[in-house]
């Protein structure tokens, strides 16, 4: 299983009966990372059969409600369903207090630790997280209140040993990890097999940039250059360009312009204003600038197979 | 239009893909009152086409999340959709701080006033609200944290003038309001028509008691005696009676016993534990004690026509 992005909600500000507010799940090799958590995110997870306890880290971009009102409910449910594993939450300062206050009035204590990692806001890109699967960096966005996007970069993967050679050359199991990391195979009889002879190159490592909410600002281009997949908010169509500026949001064309300048592989747009019944116009306007654009829609999945 | 109760959510603690946590809408003559507001309540309102701006007052029973996590999102949406009318929220102390903190971090201000009315918790029944349509009283419940139920009592209605007599006796329009209130009709020619001759009795005024969350406790019986409609939580079936006690919840039979002792018209049970796939067993166990029992199910409406 490779990289996979699941859209749990793609509406801005107001949810409707069929469209939830922002939340996205990134899955890489069974590890789940959650970005933003609008109201009803846990219900979306139920609907789309997400294993919520597998989420190890949550990233919250900013403290507008459509990006975090669902967090306290999700934490509560994780607790009630028996979670014990620590959970890290990368978020703006202020969220910890909100969560703790809601636990306090309920006279509740969660059975698992939450590690709040409060993010800084500056004009640069900070490396905030690393595990054996991925690195995560902030992307400085341009919104009414402090707001970070997030860049996920899969760690380089190991080389793949040509399976048929394991038996043929009698490679001992205990040597496989080193060979995957690039070592040559020194056989007992003294023969040496170069790593390139016995392995295939590593599978591709993917990168994903999440940019919501933000006004058009091309200072982010160097931070997201050449990513395989970019999500960029596109709250409005061109007809509402002025409103986009006023409210620190982007149009679909803005999103596509960023994608084009950053030479990304594929663009996904979302964070639609509730005023739109469908997003044909968003898609058309974006594709005029950047052809490989798709719509974020609740429940849709974009996987490395599509990239 | 008479009295109507709409179930927006009837699950306890954890929402599922098809069952939301507690929220109920009471509609009396176009006036909407909301009781509790679990996560996703605003989404349920969209689904069931509730006119949310018509809500004038919200009653929150207690500060466990499944009864109020949806409130901040609802308030936010009311604001974004242009609400200007004041909203009253009757709630335990602590909720105001939670709401205000979430507005503060978002650097937001609502365009309408919220009047927080902080409730007291004692063993008695307090008259907390009155308008021209109904009176509302607390019901002291027995839960792990302070928790009030709510009793809605429709105001007595006016007598109904026999329509055919308005023309026949030439009753002037300006006299109709007084006659509806019980006055006799003194005609210009000196003739007097007794009120009972020219009017029909008022339509029935309904009463509704909401009791969630609570352990079985029959001290509430005198406070809800003879109500037309009782909602009483029934988190568990008899198989989990001990768990009900431990967690300060009721079984379906508990709810029915209260209904029977209080001689109510109809009982609705709900607040189901997420462990149940269906509620046949709840219904069966309740009906053994109180026959006129129905299940609360998301989207179901109970109106005065059913009572």
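Residue numbers (the UniProt record's numbering), protein chains in the order written: chain A, 1 to 307; chain B, 1 to 307. Heads up, the beta-carbon is just placed ideally off N, CA and C, and yes, glycines get one too. No experiment lies behind these values; they were computed from the predicted model shown.
{"Asked": "I need the straight-line Cα distance from residue 67 of chain B to residue 23 of chain B, nearest angstrom please.", "Found": "7 Å"}
{"Asked": "How about the region 10 to 28 of chain B and the region 284 to 301 of chain A: do they share at least three Cβ pairs that are nearer than 8 Å?", "Found": "no"}
{"Asked": "Could you spell out the range, first to last residue, of the beta strand (DSSP E) harbouring residue 32 of chain A?", "Found": "31 to 35"}
{"Asked": "Can you tell me whether DSSP reads residue 240 of chain B as helix, strand or coil?", "Found": "helix"}
{"Asked": "Helix or strand or just coil, what does DSSP make of residue 108 of chain B?", "Found": "coil"}
{"Asked": "Touching or not, the region 231 to 238 of chain A and the region 271 to 281 of chain A, by the rule of three or more beta carbon pairs under 8 Å?", "Found": "yes"}
{"Asked": "Quick one: Cα of residue 302 of chain B to Cα of residue 46 of chain A, how far?", "Found": "28 Å"}
{"Asked": "According to a CB-to-CB cut-off of less than 7 Å, which residues of the region 79 to 107 of chain A neighbour chain B?", "Found": "80, 94, 97, 98, 101, 102, 105, 106 and 107"}
{"Asked": "Run the CB neighbour count on residue 81 of chain A, radius 10 Å, all protein chains shown included, and call it buried at 16 or more, exposed below.", "Found": "exposed"}
{"Asked": "Anyone know if the C-beta pair for residue 62 of chain B and residue 195 of chain B falls short of 9 Å?", "Found": "no"}
{"Asked": "Output needed in chain order: residues of the region 10 to 24 of chain B with a Cβ under 9 Å from some Cβ in chain A.", "Found": "13, 14, 15, 16, 17, 18, 20 and 21"}
{"Asked": "Measuring CB to CB, does residue 276 of chain A end up less than 9 Å from residue 237 of chain A?", "Found": "yes"}
{"Asked": "Listing by chain order, which chain A residues have their CB less than 7 Å from the CB of residue 69 of chain B?", "Found": "72 and 73"}
{"Asked": "Can you tell me whether DSSP reads residue 160 of chain B as helix, strand or coil?", "Found": "strand"}
{"Asked": "How many angstroms separate the CA atom of residue 38 of chain B from the CA atom of residue 120 of chain A?", "Found": "32 Å"}
{"Asked": "In the structure shown, what three-state DSSP assignment does residue 119 of chain A receive?", "Found": "coil"}
{"Asked": "Going straight from the alpha carbon of residue 40 of chain A to that of residue 56 of chain A, what length do you get?", "Found": "19 Å"}
{"Asked": "Rounded to whole angstroms, what's the CA-CA distance from residue 258 of chain B to residue 141 of chain B? Just pull it up for me.", "Found": "12 Å"}
{"Asked": "Run the CB neighbour count on residue 92 of chain B, radius 10 Å, all protein chains shown included, and call it buried at 16 or more, exposed below.", "Found": "buried"}
{"Asked": "Listed in chain order, which residues of the region 47 to 61 of chain A have Cβ atoms closer than 7 Å to some Cβ of chain B?", "Found": "47"}
{"Asked": "Between the C-alpha atoms of residue 161 of chain A and residue 182 of chain A, what's the straight-line distance to the nearest angstrom?", "Found": "10 Å"}
{"Asked": "Against chain B, does residue 66 of chain A count as a neighbour if the rule is that its beta carbon must be under 9 Å from one of theirs?", "Found": "yes"}
{"Asked": "Does any residue of chain A have a CB that is nearer than 9 Å to the CB of residue 351 of chain B?", "Found": "A question about residue 351 of chain B goes unanswered here, because the residues of chain B that appear run from 1 up to 307."}
{"Asked": "Count Cβ pairs between the region 101 to 116 of chain B and the region 96 to 109 of chain A that sit closer than 8 Å; are there 3 or more?", "Found": "yes"}
{"Asked": "With a threshold of 16 other CB atoms inside 10 Å of the CB of residue 228 of chain A, please say whether the residue is buried or exposed.", "Found": "buried"}
{"Asked": "Going by C-alpha to C-alpha distance, which of A/307, A/254, A/127 and A/304 sits closest to residue 283 of chain A?", "Found": "A/254"}
{"Asked": "Using a cut-off of 7 Å between C-beta atoms, extract the partners of residue 63 of chain B located in chain A.", "Found": "105 and 106"}
{"Asked": "Helix, strand or coil for residue 170 of chain B? Go by DSSP, reduced to three states.", "Found": "coil"}
{"Asked": "Would you be able to state if there are at least three C-beta pairs under 8 Å between the region 113 to 130 of chain A and the region 71 to 88 of chain B?", "Found": "no"}
{"Asked": "Helix, strand or coil for residue 289 of chain A per DSSP?", "Found": "helix"}
{"Asked": "Measuring alpha carbon to alpha carbon, tell me which residue in A/34, A/73, A/74 and A/203 is nearest residue 58 of chain A.", "Found": "A/34"}
{"Asked": "Does residue 39 of chain A get closer than 9 Å to chain C when you measure Cβ to Cβ?", "Found": "The chain inventory of the structure shown lacks chain C, comprising the protein chains A and B."}
{"Asked": "For the pair the region 163 to 177 of chain A and the region 125 to 134 of chain B, tell me if three or more CB-CB distances fall below 8 Å.", "Found": "no"}
{"Asked": "For residue 247 of chain B and residue 144 of chain B, I'd like the C-alpha separation in whole angstroms.", "Found": "7 Å"}
{"Asked": "Residues bridged to residue 77 of chain B by DSSP?", "Found": "Paired residues: none, contrary to the question."}
{"Asked": "Which of helix, strand or coil does DSSP assign to residue 264 of chain B?", "Found": "coil"}
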